[in-house]
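If you use the numbering used here, the sequence shown closes out at 290, no skipped numbers anywhere. Remarks on the structure that follows.
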Amino acid sequence: MTSTDAARRRIVWEIWILLGLSLGRAAVYAVVNIVARLTEGTPLADQTATLNPSQSPRPYLDLTYQLLTIGFALVPVALAVYLLAVRPGARPVTRAVGLDWHVRGRGFDPDVATGRRRRDVGWGVALAAAIGVPGLAFYLIGRLAGITVSVQASALDTHWWTVPVLVLAAFENGALEEVIVVAYLFERTRDLGWSPTARLDWRFLAASALLRGSYHLYQGFGPFLGNVVMGVVFAWWYRSRWGRRRVLPLVIAHTLLDVVAFVGYALLPPGWREALGLT
Numbered sequence: 012m013t014s015t016d017a018a019r020r021r022i023v024w025e026i027w028i029l030l031g032l033s034l035g036r037a038a039v040y041a042v043v044n045i046v047a048r049l050t051e052g053t054p055l056a057d058q059t060a061t062l063n064p065s066q067s068p069r070p071y072l073d074l075t076y077q078l079l080t081i082g083f084a085l086v087p088v089a090l091a092v093y094l095l096a097v098r099p100g101a102r103p104v105t106r107a108v109g110l111d112w113h114v115r116g117r118g119f120d121p122d123v124a125t126g127r128r129r130r131d132v133g134w135g136v137a138l139a140a141a142i143g144v145p146g147l148a149f150y151l152i153g154r155l156a157g158i159t160v161s162v163q164a165s166a167l168d169t170h171w172w173t174v175p176v177l178v179l180a181a182f183e184n185g186a187l188e189e190v191i192v193v194a195y196l197f198e199r200t201r202d203l204g205w206s207p208t209a210r211l212d213w214r215f216l217a218a219s220a221l222l223r224g225s226y227h228l229y230q231g232f233g234p235f236l237g238n239v240v241m242g243v244v245f246a247w248w249y250r251s252r253w254g255r256r257r258v259l260p261l262v263i264a265h266t267l268l269d270v271v272a273f274v275g276y277a278l279l280p281p282g283w284r285e286a287l288g289l290t
């Protein structure tokens, strides 16, 4: 075995191990979950999925559990960034994937940094708007077709900390999914020889989109398809001349989408929830 073959094998193992600790694990559970749902005898349309359940009837214990869950879910994100950072001969990870809002150093220009942050936020808002309406449409069509469960976006009781925790949960989802499914997966598959030119490699596009859809299967086939479409758009944008391999706009977009879903769900009148097929 040559050194090149050994290096490629290490990268492949690294990808599988990281996915096994994070979203790959979630995908396996989601596949098992949808099989269980389809075979239990109750139509999917009559079943429910809860995204942010309460973990204790005692408010401050529930808060503690919620914060611990969010904190530990971000550990694979830190691991992905670390693994990208220690690649031999690679660019600094903050520059390579656009995690550079905090960077200061020689040649730092605050005006350039401010403009970059504004562009990131602007693209994040634009991507959230572009994905949000189609995503809701996929959900509603799936409910009408009976292939999507009723999604309860939050089952937390009303406390002073409920909205902040839901916002943190939204950020956790955005960071976990976009850093691993887009930035990390692109960089490491590129190290394997994918995406050798400026053109987007269909293998990365398919792998990223299908992985994103697979760990949403527990919600039914409507969210699976909606998230595959979202995965295609986000992966394409990341590699495009507008995205410039910057992951922060994707994290912002995903966080905004989930904040609207989680917090907006709690603010919707019961009649609206029923009309949208939300429990």
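Backbone N, C-alpha and C define an ideal beta-carbon position, used for all residues, glycine too. All values reported here derive from a predicted model rather than from experimental measurement.
Exercise for the section: Along the alpha helix (DSSP H) that carries Q77, what are the first and last residues, could you check? Expected result: 70-84
Problem - Any non-hydrogen atom of the ligand MG closer than 6 Å to A124 Cβ - result: You won't find the ligand MG in this model; it holds no ligand whatsoever.
Practice task
Write down the C-beta distance between V164 and L62 rounded to the nearest angstrom, noting that I regard them as a contact closer than 8 Å.
Solution key: Val is not the amino acid found at residue 164; the sequence shown has Ala there. Indeed they touch by this definition, with Cβ atoms about 5 Å apart.
Exercise for the section: Quick one: give me the first and last residue of the alpha helix (DSSP H) that V144 is part of. Expected result: 121-156
Practice task
Out of L49, D57, H170, point me to the one whose CA is closest to P68's CA.
Solution key: H170
Handout entry: CB contact flag (I142, G231, <7 Å)
Key = no
Practice task
Give the straight-line distance between the Cα atoms of R19 and L203, rounded to the nearest whole angstrom.
Solution key: 6 Å
Problem - Outcome for Y93 when other beta-carbon atoms lying within 10 angstroms are tallied against a minimum of 16 - result: exposed
Practice task
Counting only the same chain and skipping the five closest in sequence on each side, list residues whose C-beta sits under 6 Å from that of A37.
Solution key: Y226
Problem - L222 classed as buried or exposed, judged by whether at least 16 other C-beta atoms fall within 10 angstroms - result: buried
Exercise for the section: Answer with buried or exposed for I28, where buried requires no fewer than 16 other C-beta atoms within 10 angstroms of its C-beta. Expected result: exposed
Problem - Pick from V88, A139, V114 that is closest to R128, judged by C-alpha positions - result: V114
Exercise for the section: For the alpha helix (DSSP H) containing V243, list its first residue and its last residue. Expected result: 232-250
Exercise for the section: Check whether the Cβ atoms of L268 and F245 sit closer than 7 Å, and answer yes or no. Expected result: no
Exercise for the section: Please report the residue range of the alpha helix (DSSP H) in which R105 lies. Expected result: In the sequence under discussion, the amino acid at residue 105 is Thr, which differs from the Arg named in the question. Start and end: 104-107.
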